Amino acid sequence: MKISVSQIIKNKQMYVKAPSQPVVSVPTKIISKPTPIVTPNQVTTVKATVDVTPAWFEPVKSIPPEKIRFPANYNKNSPKDVRTYSCLSTYRSMVQNTKTIDFVANPFLSNVDNTETLVVVLNELAYQLGAHLTFTQANFKYNDSDYRTACGVTNLGSIHSLLASEGNYQTAKFDLHFTLNYDDIIASPKTLQNFVLRLINDICSLVGCDKDFVRVFSVKRTSSSLVEFGFTTTQRDETEKLAKSLKQQLNKISIAQRPDIFQYLFPEEYDYKLEPALAFLQLQQSDFEVEYNRYYSHADEEKRGGYPYHFPQGWYRHALKVDDKYPNDKAWLGMNNSPGEWAVAYHGTISKAVKGIKDKGLLHSFVTTDAMKDEAKQQNPSIPDVKGLYVATHCEGGAANYTMPFEIKDNSGTSKDYRVVFQCRVQPGKFTVHASPVKVGRAWRVFDEKAIRPYGLLLKSSETM
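So the sequence shown is numbered by my numbering: it starts at 211 and just counts up by one.
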């Protein structure tokens, strides 16, 4: 029998089944932390999708199309054109502090040294990851990037870890059937938000996790209501531990012992699947430091952190402003081979999480299977038993082999393929050195995700007219 959402009420800070004709109470606060923000997306007669974001997530608002003067070759029916100019208009509104954008008077030119080109490439990368690129006026540090990524909001301090899709940031996803009326759940934005917040509260009470780590993705109409949700922590092992605990409770605990909404769960065997579920890649205006942008016109070699620094010949670096992103460490970014300085390496941007990418053969499978793990253990038996992240000592012949092209079209109608590589610092002592799988130089297998810090984004283009 279906139960109406309005048959569940708030009573003495607990939600219980109502004996008769109850009224829905909207909770204003679930637990001590600020309540997550629930934003309905598409709501139809058969499915409702939502974004659940932490209270600290404060994106710059998108510019409505009527406030944008588009270029002559803009095609409103082209998803890529819409993505490109929606992203650029939001970025310009943040940088220029304006609510009207004119791409005719100020055209977008996809030059390799243009920050806007980098923004569009990152927008396409986010799209391939199933995420949205957003911007914020906030100025946060990178030392809590792992926490933010677990909340579904990554930044340039941790996106390299996310691209290694077998890493820590796996979401345990569940599909649950409830004897609740779908029409009541979606009756208004408020009833949908209320339902999602109460469900998050009950999940947290069952497994004891931070509510910022729980996200509801959708509610579907079936013979009852099917809810897809998941949770992610900063450590994959902890995520799996909580998922197994919730699975056991859903399948073993009697209905009478379940909190609130879980009393209306259909009795069946529930299970979960682990997969990446990034929602947003967030950029700050303060992420970029154009003063240190440069084109690497020739091959050269210096030293950083006791290791050779091989220049990425033929690539243009967009420098990231990172000198203040790790407040407890000032030495890592040094350029004098001094104590505390970190070495330079490169990280590609191909990921098994990227939609539409077929396995790239040996090189791609080499990384996703962590093929050098045994050799790493032989080099250093004391390293932790975790999946390694791979970086390369060289860009060309190394990390560049792990990139995919993003086609970018500017105001002139010219299209170019761009590839992007992360230029990183890597903490000495946190990696082992291997001859494979790179063609040039060496690969480093890093066994601590926090031992990699991107400090530049490298772009390279080729015209594809």
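Built from N, CA and C at the ideal position, the CB exists for glycine as well. Given the structure is predicted, the values throughout are model-derived calculations rather than measurements.
Delimiting residues of the beta strand (DSSP E) encompassing residue i
i      : result
Leu402 : Looking at the DSSP string, Leu402 is not in any beta strand (DSSP E); the run it does join, the alpha helix (DSSP H), is 399-417.
Cys605 : No beta strand (DSSP E) contains Cys605, which DSSP labels as neither H nor E.
Ala555 : 553-557
Glu485 : 482-485
Gln633 : 625-636
Lys540 : Segment: none, Lys540 is in no beta strand (DSSP E) and carries neither H nor E.
Arg468 : It is not in any beta strand (DSSP E) - Arg468 carries neither H nor E in the DSSP assignment.
Lys513 : 511-514
Three-state secondary structure (DSSP) of residue i
i      : result
Arg446 : helix
Ser303 : helix
Ala529 : strand
Phe521 : coil
Lys660 : helix
Arg293 : helix
Leu372 : helix
Val260 : strand
Tyr612 : helix
Pro250 : strand
Gln588 : helix
Phe476 : coil
Leu667 : strand
Tyr392 : helix
Ile278 : strand
Gln347 : coil
Lys619 : strand
Leu460 : helix
Leu319 : coil
Ser455 : helix
Lys583 : helix
Neighbour flag for residue i against chain D, beta carbons, 8 Å
i      : result
Thr359 : In the displayed structure, chain D is absent; only one protein chain is listed.
Beta-carbon spacing of residue i, residue j below 8 Å
i      : j      : result
Lys531 : Asp584 : no
Val363 : Phe490 : yes
Asp481 : Lys451 : no
Pro638 : Trp552 : yes
Thr310 : Lys277 : yes
Phe641 : Val656 : yes
Asn365 : Gln492 : yes
Val262 : Pro274 : no
Leu484 : Ala341 : no
Val424 : Ala555 : no
Gln633 : Arg468 : no
Tyr612 : Ser671 : no
Leu669 : Leu328 : yes
Pro559 : Leu373 : Checking the sequence, you will find Thr at residue 559 rather than Pro. Yes, these two residues count as a Cβ contact at 8 Å.
Tyr519 : Glu511 : yes
Leu386 : Leu488 : no
Val406 : Val270 : no
Ala529 : Gly666 : yes
Ser433 : Lys257 : no
Endpoints, the alpha helix (DSSP H) within which residue i is located
i      : result
Ser358 : According to the sequence as given, residue 358 is Arg; it is not Ser. 355-360 is the extent of the alpha helix (DSSP H) around Arg358.
Glu268 : Taken as a continuous stretch (DSSP letters only), Glu268 belongs to no alpha helix (DSSP H), as it is neither H nor E.
Tyr502 : Looking at the DSSP string, Tyr502 is not in any alpha helix (DSSP H), and its letter there is neither H nor E.
Val331 : 325-338
Bridge partners - residue i, DSSP secondary structure assignment
i      : result
Leu436 : His387, Lys430
His644 : Ala653
Thr381 : Glu485
Thr364 : Leu491
Phe441 : Ala382, Val424
Ile311 : Ile278
Leu599 : Val656
Ser672 : Asp627
Is there contact between the region 295-310 and the region 617-625, where contact requires at least three CB pairs shorter than 8 Å?
-> Verdict: no, contact absent.
Count the CB pairs spanning the region 600-612 and the region 644-663 that are closer than 8 Å, and state whether there are at least three.
-> Segments in contact, yes.
Okay, do the region 525-543 and the region 349-358 touch, 3+ Cβ pairs below 8 Å being the bar?
-> Three or more beta-carbon pairs separated by less than 8 Å link the region 525-543 to the region 349-358, which places the two stretches in contact.
At a cut of 8 Å, does the region 387-403 reach the region 424-437 through at least three beta carbon pairs?
-> Counting Cβ pairs under 8 Å, three or more are found: they touch.
The region 410-419 / the region 507-516 touching (three or more Cβ pairs under 8 Å) | No contact exists between the region 410-419 and the region 507-516.
Would you call the region 329-347 and the region 392-404 touching, i.e. three or more CB-CB distances under 8 Å?
-> Counting C-beta pairs closer than 8 Å gives fewer than three between the region 329-347 and the region 392-404, which falls short of the contact rule.
How about the region 310-326 and the region 342-350: do they share at least three Cβ pairs that are nearer than 8 Å?
-> Of all C-beta pairs linking the region 310-326 to the region 342-350, fewer than three are shorter than 8 Å, placing the two stretches out of contact.
Determine, using beta-carbon pairs with one atom in the region 582-599 and one in the region 613-620, whether at least three such pairs fall under 8 Å.
-> Touching, no.
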